[in-house]
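For the sequence shown, the working numbering begins at 8 and goes up steadily by one. Just so you know, even glycine gets a beta-carbon here, dropped at the ideal spot from N, CA and C. Quantities reported herein were computed from a predicted structural model and do not represent experimental measurements. Inspection log for the structure reproduced underneath, given as structure tokens.
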Amino acid sequence: MSHYIVVGAGSAGSVVTRRLLDAGHRVTLLEAGGSDVNPAIQDIGRLGELWHSKDDWAYYTTPQEGAAGRRLHWPRGRVLGGSHSLNASIWVRGAHGDYDRWEREGAEGWSWAEVAPVFKRIERTEVGDDELRGRDGLLDVSVDGYAHNPVFESMHEAAVAAGVPANPDYNGERIEGVGWEQLTVRDGERFSSYRAYVEPVLGDERLELRTGVWVTSLLIEGGRVIGVEAEVGGGVERLMADEVILSAGALDSPRILLLSGVGPREHLEELGIEVRHELPGVGENLHDHVLAPVIAQTTARDLPERQVNEPVSQMHHFTTFREGSDVPDTQPIYFSVPMVSETQEPGPNMFTLHAGLVRPTSRGTFRLASADPHDRALLDPQTLSTDEDIESLVASVKECREIVRQAPLAEEWGAVEVYPGEDVQTDEEIAEYARQNCVTYHHQVGTCRMGADELAVVDPRTLEVHGLPGVRVIDASVMPSVTSGNTNAPSVMIGERGAEFILRDAEARRG
Numbered sequence: 008m009s010h011y012i013v014v015g016a017g018s019a020g021s022v023v024t025r026r027l028l029d030a031g032h033r034v035t036l037l038e039a040g041g042s043d044v045n046p047a048i049q050d051i052g053r054l055g056e057l058w059h060s061k062d063d064w065a066y067y068t069t070p071q072e073g074a075a076g077r078r079l080h081w082p083r084g085r086v087l088g089g090s091h092s093l094n095a096s097i098w099v100r101g102a103h104g105d106y107d108r109w110e111r112e113g114a115e116g117w118s119w120a121e122v123a124p125v126f127k128r129i130e131r132t133e134v135g136d137d138e139l140r141g142r143d144g145l146l147d148v149s150v151d152g153y154a155h156n157p158v159f160e161s162m163h164e165a166a167v168a169a170g171v172p173a174n175p176d177y178n179g180e181r182i183e184g185v186g187w188e189q190l191t192v193r194d195g196e197r198f199s200s201y202r203a204y205v206e207p208v209l210g211d212e213r214l215e216l217r218t219g220v221w222v223t224s225l226l227i228e229g230g231r232v233i234g235v236e237a238e239v240g241g242g243v244e245r246l247m248a249d250e251v252i253l254s255a256g257a258l259d260s261p262r263i264l265l266l267s268g269v270g271p272r273e274h275l276e277e278l279g280i281e282v283r284h285e286l287p288g289v290g291e292n293l294h295d296h297v298l299a300p301v302i303a304q305t306t307a308r309d310l311p312e313r314q315v316n317e318p319v320s321q322m323h324h325f326t327t328f329r330e331g332s333d334v335p336d337t338q339p340i341y342f343s344v345p346m347v348s349e350t351q352e353p354g355p356n357m358f359t360l361h362a363g364l365v366r367p368t369s370r371g372t373f374r375l376a377s378a379d380p381h382d383r384a385l386l387d388p389q390t391l392s393t394d395e396d397i398e399s400l401v402a403s404v405k406e407c408r409e410i411v412r413q414a415p416l417a418e419e420w421g422a423v424e425v426y427p428g429e430d431v432q433t434d435e436e437i438a439e440y441a442r443q444n445c446v447t448y449h450h451q452v453g454t455c456r457m458g459a460d461e462l463a464v465v466d467p468r469t470l471e472v473h474g475l476p477g478v479r480v481i482d483a484s485v486m487p488s489v490t491s492g493n494t495n496a497p498s499v500m501i502g503e504r505g506a507e508f509i510l511r512d513a514e515a516r517r518g
């Protein structure tokens, strides 16, 4: 049996670890963060407390011209579970057309027909049709497993009144419409992929789980990766394995490759890093979903106080505005609290309909600031840099405002718009408002994309780094383009498929 190092105990890395263990292999799972014992992790409604905490890498973009020159905070999990321990736990497979597009973009073998059975195998859910949804997987996915706030029922009714179709299962045949969010929860608490896949096998003697281990580079010998170098407790360790799996996410897998001398020659030489393997696509194709808040205040009724383990987001919808698109370009997400930007003031009885762009055409880059691993990377997604993106986000803001005006909110709750406010009316004014107040949707992808062209980083048939044996990238960074929805579910799916590839190749080597 082989020995594997998996870097990152997040959405994908946890899955890879479990599947390798199940097949009898030895795994060393390395996590830079610590244990997921923070009570705010398990109570999804407290996710805002995790931002800028010890469990958050608290990354920032470079100043974004398309976001009024602001640097956007990108929370990322520095803890067991990775960003699945920080996010809203929303399970969205994505539109079927997302994956067919992947295949058209060069990701051979990743069409909807090929990934749909993997999603079904992952899930344990009461939602939807038996033919489409999983009933006995390792990861709980539920709409009944968390406390519902009645204001969301009114939001649902208002969305339908505004012309958004009801959809009880957006993970079924079609994604468009409004419905209750399907969350990865168990007994009312967050149920991350780490808790689902790794925690039950912590007693397995073939698993070595180490926290507080920050991988800085790959060890390359004879043109092959043989291990990793990591900072541990103030010192440096070298760890060897038959194969290394990078599951550090879209903002750290490219960091490790670049610091190892794997990436664009010009960028590496500029920083004085020895080029060990030229691969021009590393760090290219960085992109993210974007939100812009529509915030209202109730005047006829107080919003209910949040219960323990009650999520502050419980509903969303998908709408296609972009002409010719076969998948939604917007996904507004609803909150029972004011999700204010840094320019806005929260107040009592405020709720949010966050307009959401989920089919961005803007593309940017991940670059190192220096050869020093401690220097924060330069994250430049080129937020809202295309006309298509700002047009979609403006359309989404307008739709959210229309929902607030419907009777189930305006009359039953006395909802009155606070932001953008009555002085923001024209498309140009809405666009400027969106640029000044937009925030991340927490779905960065694409920096080690799979494909066969000269800018592809990994082989879609194996997820091995092109031309560099001994290392694979298995996480959201391999997505050619972001899916039309939250990216946690696709990341778990990528973990399952990546594990399949590893085990298939291991079996072939054994003959």
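- Within the region 458 to 510, the runs of beta strand (DSSP E) that reach at least 3 residues and sit entirely inside it are, in chain order, 478 to 480.
- With respect to the C-alpha of S399, the residue from E330, G195, M8 having the closest C-alpha is E330.
- Look at the region 342 to 425 and you find these whole runs of beta strand (DSSP E), each 3 residues long or longer: 357 to 364, 371 to 374, 385 to 387.
- Exclusion of the five residues before and after A166 leaves V185, H324, I410 as the residues of its chain whose Cβ lies within less than 7 Å of its Cβ.
- Here the alpha carbon of P339 sits roughly 32 Å from the alpha carbon of L462.
- For N444, the uninterrupted alpha helix (DSSP H) run begins and ends at 434 to 444, by DSSP.
- The three-state secondary structure of M8, taken from DSSP, is coil.
- Judged by DSSP secondary structure, F126 falls within the alpha helix (DSSP H) whose first and last residues are 119 to 129.
- Beta bridge pairing from DSSP links S320 with F342.
- Contact between the region 14 to 28 and the region 192 to 211 is present: 3 or more CB-CB pairs across the two stretches fall below 8 Å.
- Per DSSP, D147 lies in no alpha helix (DSSP H); the unbroken beta strand (DSSP E) holding it starts and ends at 146 to 148.
- Taking each of L510, E514, A513, I501 in turn and checking the Cα distance to G116, the smallest one comes out for I501.
- Within the region 27 to 111, complete alpha helix (DSSP H) segments of at least 4 residues are found at 46 to 49, 103 to 111, given in chain order.
- Bridge pairing for G268: absent [DSSP].
- As DSSP reads the structure, S224 sits in a beta bridge with E236.
- Between the C-alpha atoms of S403 and L286 there is a straight-line separation of about 38 Å.
- Take I51, set aside five residues on each side of it, and the residues of its chain with a beta-carbon closer than 6 Å to its own are S96, R197, P318, in chain order.
- In the displayed model, G20 falls within a helix according to three-state DSSP.
- If you draw a straight line from the Cα of R128 to the Cα of F508, it comes to about 16 Å.
- As far as DSSP is concerned, A515 takes part in no beta bridge.
- Approximately 16 Å separates the beta-carbon atoms of Q321 and N178; this is outside 8 Å, ruling out the contact.
- In the displayed model, L209 falls within coil according to three-state DSSP, outside both helix and strand.
- In the three-state scheme derived from DSSP, where H, G and I count as helix and E and B as strand, E215 is classed as strand.
- Residue A376 holds the alpha-carbon nearest to the alpha-carbon of G279 among T372, A376, A47, H449.
- DSSP places P172 outside any alpha helix (DSSP H), giving it a letter other than H or E.
- Looking at the backbone, the Cα of F342 and that of Q314 are separated by about 14 Å.
- Secondary structure of A165 (DSSP, three-state): helix.
- DSSP places V251 inside the beta strand (DSSP E), whose first and last residues are 250 to 253.
- The alpha carbon of Y153 has as its nearest neighbour, out of W119, V122, L190, D176, the alpha carbon of L190.
- Boundaries of the beta strand (DSSP E) harbouring N292: 291 to 293, taken from the DSSP string.
- Rounded to the nearest angstrom, the gap between the Cα atoms of H284 and S488 is 25 Å.
- When secondary structure is reduced to three states using DSSP, E180 falls in the coil class, being assigned neither helix nor strand.
- Among the bridge pairs identified by DSSP, G242 is matched with V239.
- Setting aside the 5 residues that flank it on each side, D143 is surrounded in the same chain by R131, each with a C-beta closer than 7 Å to its C-beta; the list follows chain order.
- CA-CA distance, L87 to I252, rounds to 16 Å.
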